[in-house]
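Participant: Terminal number for the sequence shown in my numbering: 943, no gaps in between.
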Amino acid sequence: MRKDHSLYKTPVIPDGHPYEDIFSFQPELQKLVAFSTAMKLPRHRWFYYKPGFAPDIVEMILKKYSKYEGETFLDPFSGVGTAPMVASKMGFSRSTGLDISPLGITIGSSKVLKLDKQDVLKSLDKLKISPYRKKIEQYYLNKAYKKEIVRKLLSLRDSISSVEGTSETKQFLNLCLLSIADKFADVKKDGGFLRYFEREKPENILDYYRKLVLDFTEDFTKLTFESAPEFILADARKIPFDDESIDTVITSPPYLNRYDYTRIYALELAMLGISDEEVRSIRKKTLKSHIEAKHKTCPDFSSKIFDAIESDLPQRELSNPKIPEMVIGYFHDMAWNLKEVARVLRPNGFAAYVVGNCRFSGIHVEVDAILGQIAESYGLTVETILIAKTRGSSAQQVRKYGDLPLRESIVILRKN
Ligand SMILES: C[S@@+](CC[C@H](N)C(=O)[O-])C[C@H]1O[C@@H](n2cnc3c(N)ncnc32)[C@H](O)[C@@H]1O
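1) How about Gly-719: is its Cβ closer than 8 Å to a heavy atom in ligand 1?
2) Straight-line CA distance for Pro-538 to Gly-800?
3) By how many angstroms is the C-alpha of Gln-924 removed from the C-alpha of Gly-608?
4) What does the alpha-carbon distance come out to for the pair Arg-726 and Asp-709?
5) From the DSSP output, in three-state form, read off Glu-903 for me.
6) Taking 8 Å as the cut-off, is the beta-carbon of Lys-823 closer than that to any non-hydrogen atom of ligand 1?
7) Check this for me: beta carbons of Leu-705 and Ile-791, under 9 Å apart or not?
8) Would you mind sorting Glu-753 into buried or exposed? The rule is 16 or more other CB atoms within 10 Å of its CB.
9) Taking 8 Å as the line, does the beta carbon of Phe-604 fall inside it for any heavy atom of ligand 1?
10) Mapping the DSSP letters down to three states, classify Asn-875 as helix, strand or coil.
11) Is Ser-772 closer than 9 Å to Val-871 when the C-beta atoms are compared?
12) Kindly list the residues whose CB is nearer than 7 Å to the CB of Arg-926, restricted to its own chain and excluding five residues on each side of it in sequence; keep chain order.
13) Hey, is Val-881 close to ligand 1, as in C-beta under 8 Å from one of its heavy atoms?
14) Three-state secondary structure (DSSP) at Gly-624?
15) Return the Cβ separation of Glu-695 and Ile-766 in integer angstroms, given the expectation that the two are a contact with Cβ distance under 8 Å.
16) So Leu-704 is in the alpha helix (DSSP H); what residue range does that whole segment cover?
17) Is it the case that the CB of Arg-790 approaches a heavy atom of ligand 1 more closely than 8 Å?
18) Let me know the secondary structure DSSP gives Leu-739 once reduced to three states.
19) Given a cut-off of 9 Å on the beta-carbon distance, is the pair Pro-578 and Tyr-788 in contact?
20) How would you label Thr-623, buried or exposed, when you count the other beta carbons within 10 angstroms and need 16 or more for buried?
21) With a threshold of 8 Å (Cβ to nearest heavy atom), would Thr-623 be considered close to ligand 1?
22) Counting pairs of beta carbons, one from the segment 812-819 and one from the segment 878-893, are three or more of them closer than 8 Å?
23) Is there a Cβ from chain C that is less than 9 Å from the Cβ of Pro-781?
24) Consult DSSP for His-822 and reduce its assignment to one of helix, strand or coil.
25) Cβ of Pro-578 within 8 Å of any heavy atom in ligand 1?
26) By Cβ distance below 7 Å, which residues in the same chain neighbour Ile-809 in space, the five residues on each side in sequence not counted?
27) Based on Cα-Cα distance, which residue from Asp-602, Glu-675, Gly-635 lies nearest to Asn-944?
28) Pairing CB atoms from the segment 749-763 with CB atoms from the segment 678-689, are three or more of them under 8 Å?
29) Between which two residues does the beta strand (DSSP E) carrying Phe-833 extend?
30) Within the chosen definition, does the segment 582-596 reach the segment 842-851 through at least 3 CB pairs nearer than 8 Å?
31) If you compare alpha carbons, which of Asn-701, Tyr-736, Ser-838 is closest to Met-798?
32) Is Glu-745 helix, strand or coil when you go by DSSP?
33) Is Thr-633 a contact residue of ligand 1, with contact defined as CB to any heavy atom under 8 Å?
34) Report whether the distance from the Cβ of Leu-933 to the nearest heavy atom of ligand 1 is below 8 Å.
35) Thinking just about the alpha-carbon of each residue, which of Ser-605, Asp-548, Thr-599, Phe-574 is nearest to the one in Asp-762?
36) Is Pro-756 close to ligand 1? I mean its beta-carbon at under 8 Å from any heavy atom of the ligand.
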């Protein structure tokens with residue numbers, strides 16, 4: 528966070544803001560709204576997931592706002608499982624993560640397995656790469672790799688599925704393959720896109736893979752779960768739980784930044800064996816945080832700040848004419864989710880949402896405050912909004928409309 532807020536012409540919290548009194552600056556949380564510190568922690572480090580948050584933020588929120596013993600925990604947008612893993616470790620008896628993408632669910636479930644090092648080592652020893660002659664169907668596998676490289680990776684994938692060993696061992700070995708899939712590609716994840724990028728690749732795939740597996744086996748005993756979290760492929764707008772069955776929710780929905788995870792993680796989805804057609808279908812089902820998702824209108828929420836954006840934004844000159852539909856659709860989708868979270872939370876239970884504000888054609892979209900107002904219309908109270916960090920607007924927006932601090936915040940909601 529910029530230390531001196533006077534550097535911005537517009538204050539971080541505008542005067543007379545409806546939540547003026549409950550915002551709280553927490554610059555010490557700045558690093559924790561990003562995934563990077565997870566890469567130093569056992570099991571969490573097994574797959575780098577840029578949109579994820581740090582395990583420490585989950586721990587901090589739980590310690591401050593929850594009683595967290597023997598209770599039920601839910602993350603409805605669980606990505607690679609960070610929050611359910613921390614909640615389980617901290618004593619929740621039932622901890623669940625939902626995600627619409629099979630990638631997150633596969634990775635989350637693989638990170639919490641009970642694994643036997645000897646079994647893994649025996650299987651690892653037998654893995655081999657042989658000539659691979661099957662037709663490669665998926666677009667990204669054909670486009671992003673040199674032919675001889677992708678054939679080796681797919682042969683290794685086949686070898687993992689047929690090697691002797693327990694199903695847990697195979698699941699873990701498969702995760703290790705997903706974890707290195709992009710190291711051998713001629714593309715890199717760059718913001719919201721995969722860009723062509725001729726990279727230097729490790730010489731020998733099998734050697735590189737074996738070293739990684741050996742390194743990860745060190746984590747088996749460093750982090751274990753008495754009652755492991757479960758991960759369910761499900762839509763956060765339709766939560767598969769009974770009314771008032773959950774005590775605590777900590778989550779981070781996709782930010783309203785146009786990033787389409789099914790494109791950014793297209794290689795890993797293809798490596799999982801998911802067809803192009805299935806990926807397109809998942810893309811449409813994701814939250815409307817990007818243009819290609821399909822949203823469903825939610826009829827009964829209210830937010831004054833959102834109403835102002837809904838009427839203003841379509842009047843502006845925009846870089847893409849579909850932006851108003853995306854912004855409006857995002858809040859309808861989030862309204863479905865908040866309504867569901869309000870339904871499944873027990874009275875006095877709490878929910879924490881890690882979110883980022885954004886700006887389109889000069890219009891400030893205060894995601895934190897709008898979600899707060901929508902949540903209130905479903906019987907939740909906004910207890911506090913912790914401001915973890917601020918970002919400036921893009922250079923283009925600053926030139927045209929002036930600078931504006933964009934908050935990245937944690938909205939703490941309590942069921943009445
Ligand atoms: C910001 S990431 C969450 C990252 C997570 N906190 C972690 O540390 O791994 C948002 C997640 O929401 C998922 N998602 C998108 N639309 C969804 C939906 N309709 N229902 C459930 N999950 C969805 C995405 O696949 C993505 O993994």
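Ideal placement from N, C-alpha and C gives every residue a C-beta, glycine not left out.
Facilitator: To lay it out plainly:
1) Working through the sequence shown from its first residue, we reach residue 719 at position 192. No - ligand 1 has no heavy atom lying nearer than 8 Å to the Cβ of Gly-719.
2) Residue 538 sits at position 11 when you count from the first residue of the sequence shown. Residue 800 sits at position 273 when you count from the first residue of the sequence shown. Answer to the nearest angstrom: the Cα atoms are 49 Å apart.
3) Your numbering for residue 608 matches position 81 in the sequence shown. Your numbering for residue 924 matches position 397 in the sequence shown. Cα to Cα, the separation comes out at about 35 Å.
4) Walking along the sequence shown from the start, residue 726 turns up at place 199. Walking along the sequence shown from the start, residue 709 turns up at place 182. For Arg-726 and Asp-709, the gap between their C-alpha atoms comes out near 10 Å.
5) Counted from its first residue, the sequence shown places residue 903 at position 376. Note: Glu-903 maps to helix in three-state DSSP.
6) The residue you call residue 823 lines up with position 296 of the sequence shown. No, the Cβ of Lys-823 stays beyond 8 Å of every heavy atom of ligand 1.
7) If you number the sequence shown from 1, residue 705 lands on position 178. If you number the sequence shown from 1, residue 791 lands on position 264. Not closer than 9 Å, so no.
8) The residue given as residue 753 occupies position 226 in the sequence shown. By the neighbour-count rule (16 or more Cβ atoms within 10 Å), Glu-753 is not buried but exposed.
9) Within the sequence shown, numbered from 1, the residue matching residue 604 stands at position 77. Result yes, Cβ under 8 Å from ligand 1.
10) On the sequence shown, position 348 is the one that residue 875 refers to. Here Asn-875 sits in strand by DSSP.
11) As a working note, residue 871 is residue 344 in the sequence shown. As a working note, residue 772 is residue 245 in the sequence shown. Result yes, Cβ atoms of Val-871 and Ser-772 sit closer than 9 Å.
12) Taking the sequence shown and counting its residues from 1, one reaches residue 926 at position 399. Apart from the 5 residues on each side of it in sequence, Arg-926 has no Cβ closer than 7 Å to any other Cβ in its chain.
13) Start at 1 with the first residue of the sequence shown, and residue 881 comes out as number 354. Within the cutoff, so yes.
14) The sequence position of residue 624 within the sequence shown is 97, counting from 1. When DSSP states are grouped into helix, strand and coil, Gly-624 belongs to the strand group.
15) Looking up residue 695 in the sequence shown gives position 168. Looking up residue 766 in the sequence shown gives position 239. Not really, about 28 Å apart at Cβ, beyond 8 Å.
16) Stepping through the sequence shown from its first residue, residue 704 is reached at position 177. Following the DSSP letters along the chain, one finds Leu-704 inside the alpha helix (DSSP H) bounded by residues 694-707.
17) Locating residue 790 in the sequence shown gives position 263, where the first residue counts as 1. Flag unset: Cβ of Arg-790 not near ligand 1.
18) Translated into positions along the sequence shown, residue 739 becomes position 212. Collapsing the DSSP output to three states places Leu-739 in a helix.
19) Reading the sequence shown from its first residue, position 51 is the one you call residue 578. Reading the sequence shown from its first residue, position 261 is the one you call residue 788. Closer than 9 Å, so yes.
20) By 1-based counting over the sequence shown, the position of residue 623 is 96. It is buried - the Cβ of Thr-623 has at least 16 other Cβ atoms within 10 Å.
21) Here the question's residue 623 lines up with position 96 in the sequence shown. Proximity of the beta carbon of Thr-623 to ligand 1 is not indicated: no heavy atom of the ligand is located closer than 8 Å.
22) No: the two stretches stay apart, fewer than three of their Cβ pairs being nearer than 8 Å.
23) The question asks about chain C, but that chain is absent: this structure has only one protein chain.
24) Here the question's residue 822 lines up with position 295 in the sequence shown. When DSSP states are grouped into helix, strand and coil, His-822 belongs to the coil group.
25) Taking the sequence shown and counting its residues from 1, the one referred to as residue 578 is at position 51. Indeed, a heavy atom of ligand 1 lies less than 8 Å from the Cβ.
26) Along the sequence shown, one-based indexing puts residue 809 at 282. In the same chain as Ile-809, and ignoring 5 residues on each side of it, the C-beta atoms closer than 7 Å to its own belong to Ile-627, Ser-628, Thr-789, in chain order.
27) The structure shown does not extend to residue 944, since the chain is modelled only from 528 to 943, so the question has no answer here.
28) Contact between the segment 749-763 and the segment 678-689 is absent: fewer than three C-beta pairs spanning the two stretches fall below 8 Å.
29) Here residue 833 refers to the residue found at position 306 when the sequence shown is read from its first residue. Per DSSP, Phe-833 lies in no beta strand (DSSP E) segment; the continuous alpha helix (DSSP H) that holds it begins and ends at 831-839.
30) No, because fewer than three Cβ pairs between the segment 582-596 and the segment 842-851 fall closer than 8 Å, the two stretches do not touch.
31) By 1-based counting over the sequence shown, the position of residue 798 is 271. Here the closest residue by C-alpha is Asn-701.
32) Reading the sequence shown from its first residue, position 218 is the one you call residue 745. Taken through DSSP and simplified to helix, strand or coil, Glu-745 comes out as coil.
33) Along the sequence shown, read from residue 1 onward, the residue named residue 633 stands at position 106. Every heavy atom of ligand 1 is 8 Å or more from the Cβ of Thr-633, so no.
34) Counting from 1 along the sequence shown, the entry for residue 933 is found at position 406. Checking the 8 Å criterion, the Cβ of Leu-933 is out of range of every heavy atom belonging to ligand 1.
35) On the sequence shown, position 235 is the one that residue 762 refers to. The candidate whose alpha carbon is nearest that of Asp-762 is Ser-605.
36) On the sequence shown, position 229 is the one that residue 756 refers to. Outside the cutoff, so no.
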